[in-house]
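Q: In my numbering, the protein residues as written are 20 to 399.
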Ligand SMILES: Nc1nc2c(ncn2[C@@H]2O[C@H](COP(=O)(O)OP(=O)(O)O)[C@@H](O)[C@H]2O)c(=O)[nH]1
Ligand SMILES: [Mg+2]
Ligand SMILES: [Zn+2]
């Protein structure tokens, strides 16, 4: 919390002095002297502390601009002080595989100091993390720093929050028009997950060859109106999959959706050579047996990554209180301030602006039902 505020202030201070956007990241919460920072290009600079060389300060250029595009947080080669920038392809307890922007992979251990900072996570490093590591030789290295995360997807494991993957830009929600039938409530649930994690969602409706397009119009219209992109596709025939390819280019994407909707078919249509496992849930997992289903990032031919995780559909909504739930429904959010009770859950209370909006048709009744269902804890 405190670090976030500091970052903001530092950024503002720096912007006053320089014109480029600059963001600071610092494990030690030291004050950053803007005069000292003074990078004269918009690209990244790493600045040493005055006294202790282990206390590094980092100034990152154009962070906001790069967040949506994916995998290089810092511009420039990043070969400063013997460290390289990389993305964690696969995280492990002892060793993680990282990949540099030019495609080299290294097996890395984690610096001891970082381990003591993160004590509440199963692993210090998660798949998708942007790290700085010190290579030793051509295949190994030591992770020295981890960039702040955004777009984090978690699952609950024995009551604890477990990061599956970090820095996800895009959630491709795959549903199907038939077999299995379209389940808008499940789409809504995944949209909430995306909203909560700050990940941009897009909705693919697959198997449009199996339905009359007119039947999908109302649903597509309602999501489009809220501001979500909806792509009707037929993955097996490769129909309209180019739109998906364009949407995921240069991004770190996760593909979600229930079994059988066509996630693998879509990815095979997009990238025939990749052999992705996405969406396969092993028999053991179905039975509730504990299996390790580590997330893995697969680099895409045109830039960006796909997150490949067999247990991907186990994403859970984490700690959402009803008041927050309404804010994660883009269409419900604008009405909540009109309710009589500040703690209104929009389910049973009197004088509820949300229910009024449903009653007179300003709010889609189906979306509202989804909201109630998710609040009640029922599965889709
Ligand atoms: N009719 C039709 N069937 C499809 C389409 N895409 C996938 N399928 C079929 O749906 C089934 C499940 O597809 P799969 O890709 O394995 O789904 P996943 O479980 O989400 O990975 C397979 O039998 C596919 O051939 C499509 O566009 N149209
Ligand atoms: Mg599959
Ligand atoms: Zn209300």
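No residue lacks a Cβ here, since even glycine has one placed at the ideal position from N, Cα and C.
All of these numbers come straight from a predicted model, not from anything done at the bench.
Using alpha carbons as the reference points, say which of 104, 117, 188, 128 lies closest to residue 271.
A: 188
Q: Which value, in whole angstroms, describes the spacing of the CA atoms of residue 284 and residue 339?
A: A direct Cα-Cα distance of roughly 33 Å separates residue 284 from residue 339.
Q: Along the chain, which unbroken stretches of the beta strand (DSSP E) at least 3 residues long are found entirely within the segment 260-288?
A: Complete beta strand (DSSP E) runs here, min 3: 271-275.
Q: Between 152, 313, 106, which lies nearest to residue 168 when the distance is taken from Cα to Cα?
A: 106
Q: Cβ of residue 228 within 8 Å of any heavy atom in ligand 1?
A: yes
Q: For residue 327, which beta-bridge partners are listed by DSSP?
A: DSSP output for residue 327 lists 315 as bridge partner(s).
Q: Pop quiz: residue 148 and residue 185 are said to be a contact at Cβ under 8 Å. What is the actual Cβ separation, rounded to whole angstroms?
A: Indeed they touch by this definition, with Cβ atoms about 5 Å apart.
Q: So which residues put a beta carbon under 6 Å from any heavy atom of ligand 3, going in chain order?
A: 358, 363, 365, 368, 371, 372, 373
Q: Could you please give me the residues that DSSP links to residue 152 through a beta bridge?
A: Note: residue 152 sits in a beta bridge opposite 103, 162.
Q: Quick one: any contact between the segment 208-220 and the segment 228-241, if contact means 3 or more CB pairs under 8 Å?
A: no
Q: Can you check DSSP and say which residues form a bridge with residue 116?
A: Bridge partners of residue 116: 109, 126.
Q: So, under 8 Å CB-CB, residue 152 and residue 163 are touching, yes? Tell me the CB distance rounded to an integer number of Å.
A: 6 Å
Q: Just to confirm the assignment, what range does the alpha helix (DSSP H) spanning residue 401 have?
A: This structure gives no information on residue 401, because the portion of the chain shown stretches from 20 to 399.
Q: Rounded to whole angstroms, how far is the Cβ of residue 252 from the Cβ of residue 225, which I believe are closer than 8 Å?
A: 5 Å
Q: Take residue 389 as the anchor and find which of 150, 379, 363, 347 has the nearest alpha-carbon.
A: Closest option to residue 389, Cα to Cα, is 347.
Q: Flag residue 205 as yes when its Cβ comes closer than 8 Å to any non-hydrogen atom of ligand 1, and as no otherwise.
A: no
Q: Does the distance from the CB of residue 195 to the CB of residue 276 come in under 9 Å?
A: yes
Q: Count the other CB atoms, across all protein chains shown, that sit within 10 Å of the CB of residue 113; report buried if there are 16 or more and exposed otherwise.
A: Looking at its Cβ environment, which holds fewer than 16 other Cβ atoms inside 10 Å, residue 113 is exposed.
Q: Using only the alpha-carbon positions, how far apart do residue 371 and residue 241 sit?
A: 22 Å
Q: For residue 315, count the other beta carbons within 10 Å of its own beta carbon; 16 or more makes it buried, fewer makes it exposed. Which is it?
A: buried
Q: Hey, out of 358, 182, 154, whose CA is closest to residue 123's CA?
A: 154
Q: Are the CB atoms of residue 247 and residue 222 within a distance shorter than 9 Å?
A: yes
Q: Using the beta-carbon count (16 or more within 10 Å), is residue 381 buried or exposed?
A: exposed
Q: Pick helix, strand or coil for residue 321, following the three-state DSSP scheme.
A: Residue state, collapsed to three classes: coil.
Q: Using only alpha-carbon positions, find the residue among 291, 266, 269, 244 that is nearest to residue 257.
A: The option with the nearest alpha carbon to residue 257 is 291.
Q: Taking only the alpha-carbon atoms, compute the straight-line gap between residue 259 and residue 250 and give it to the nearest angstrom.
A: 8 Å
Q: Can you name the start and end residues of the alpha helix (DSSP H) that residue 232 belongs to?
A: Per DSSP, residue 232 is one residue of the alpha helix (DSSP H) stretching across 232-245.
Q: On a Cα-Cα basis, can you pick out the residue from 352, 367, 229, 191 that is closest to residue 266?
A: Nearest in C-alpha terms to residue 266, of all of 352, 367, 229, 191, is 191.
Q: Taking 8 Å as the cut-off, does the CB of residue 234 come closer than this to any heavy atom belonging to ligand 1?
A: no
Q: Consider the C-beta atom of residue 319 and the heavy atoms of ligand 1; say whether any pair is separated by less than 8 Å.
A: no
Q: Given this structure, state the Cα-to-Cα distance separating residue 274 from residue 326, to the nearest angstrom.
A: In this structure, the alpha-carbon of residue 274 lies about 7 Å from that of residue 326.
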